[in-house]
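Visitor:
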Amino acid sequence: MATIFTKIINHEAPAEIVYQDDLVTAFRDINPKAPVHLMIIPNKEIPTVNDVSAEDEQVLGHLFTVAKHVATELGLSEKGYRLIVNCNQDAGQVIWHIHMHFLGGKDLGPLLSETE
Ligand code: AMP
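Using this note's numbering, read the sequence shown as starting at 16 and increasing by one per residue.
1) Please specify which runs of the alpha helix (DSSP H), each continuous and at least 4 residues long, are wholly inside the region 16-97, giving them in chain order.
2) Along the alpha helix (DSSP H) that carries D105, what are the first and last residues, could you check?
3) With DSSP collapsed to three states, give me the class of L127.
4) Hey, could you find the ends of the beta strand (DSSP E) G120 is sitting in?
5) Check whether the Cβ of F42 sits closer than 7 Å to any heavy atom of the ligand AMP, and report yes or no.
6) Relative to the C-alpha of V33, which residue among M115, E88 and H114 is closest?
7) Please state if the CB of I56 and the CB of V39 are separated by a distance shorter than 8 Å.
8) Taking all protein chains shown into account, decide if G119 is buried (16 or more other Cβ within 10 angstroms of its Cβ) or exposed.
9) Going along the chain, which residues of its own chain have a beta-carbon closer than 6 Å to the beta-carbon of R97, five neighbours each way excluded?
10) In whole angstroms, what separates the C-alpha of T63 from that of A106?
Given below as structure tokens:
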């Protein structure tokens, strides 16, 4: 069940951690799609949104508090940023540990390209 993200949380794999507390860790994406691209993740191993339960609501809500915090720290609050959570294959999820993408630092354009 453990992924590379658990190793990052435990400081057993390299990552540029920008925030960490008892519930949540935020670090820079290794393959950034924007000038600022962070992963904001629960320290608890939850593979996908499909695996979320009511007892996870505190930690998952805390992802947003941390997103607000890092946005302030990085000076992105006013210009804005995008938060994305992918679930399973059609969304392109490749790491089976729930993560919130935090993207910012430029005009990100429309959320999705036109598709049929
Ligand atoms: P997703 O497609 O939603 O599963 O996104 C997974 C994200 O994790 C991608 O943006 C990857 O670039 C990122 N990623 C994978 N491995 C690492 C790593 N070791 N350190 C930081 N980011 C990573």
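Virtual Cβ for every residue (Gly too), placed ideally from N, Cα, C.
Remember, it's a predicted structure, so these values are computed and weren't measured experimentally.
Guide: This is what the structure holds:
1) If we require 4 residues or more, the alpha helix (DSSP H) runs fully inside the region 16-97 come out as 19-24 and 72-88.
2) As a first step, residue 105 must be located in the sequence shown, where it is residue number 90. Where D105 is concerned, the enclosing alpha helix (DSSP H) stretches over N103 to A106.
3) The count along the sequence shown starts at 1 and reaches residue 127 at position 112. In the displayed model, L127 falls within coil according to three-state DSSP, outside both helix and strand.
4) As a position in the sequence shown, residue 120 is number 105, starting the count at 1. Looking at the DSSP string, G120 is not in any beta strand (DSSP E), and its letter there is neither H nor E.
5) As a working mapping, residue 42 is identified with position 27 in the sequence shown. Yes, since a heavy atom of the ligand AMP falls inside the 7 Å radius drawn around the Cβ of F42.
6) Residue numbering aside, residue 33 sits at position 18 when the sequence shown is read from its first letter. When only C-alpha atoms are compared, the closest one is E88.
7) Sequence index remark: in the sequence shown, residue 39 carries index 24 (1-based). Sequence index remark: in the sequence shown, residue 56 carries index 41 (1-based). Pairing V39 with I56 gives a Cβ-Cβ distance under 8 Å.
8) Counting from 1 along the sequence shown, the entry for residue 119 is found at position 104. By the neighbour-count criterion, in which 16 or more other beta carbons inside 10 Å mark a residue as buried, G119 falls on the buried side.
9) Locating residue 97 in the sequence shown gives position 82, counting from the first residue. Result list for R97: L118 and L123, in chain order.
10) Indexing the sequence shown from 1 puts residue 63 at position 48. Indexing the sequence shown from 1 puts residue 106 at position 91. The straight-line gap from Cα to Cα measures roughly 11 Å.
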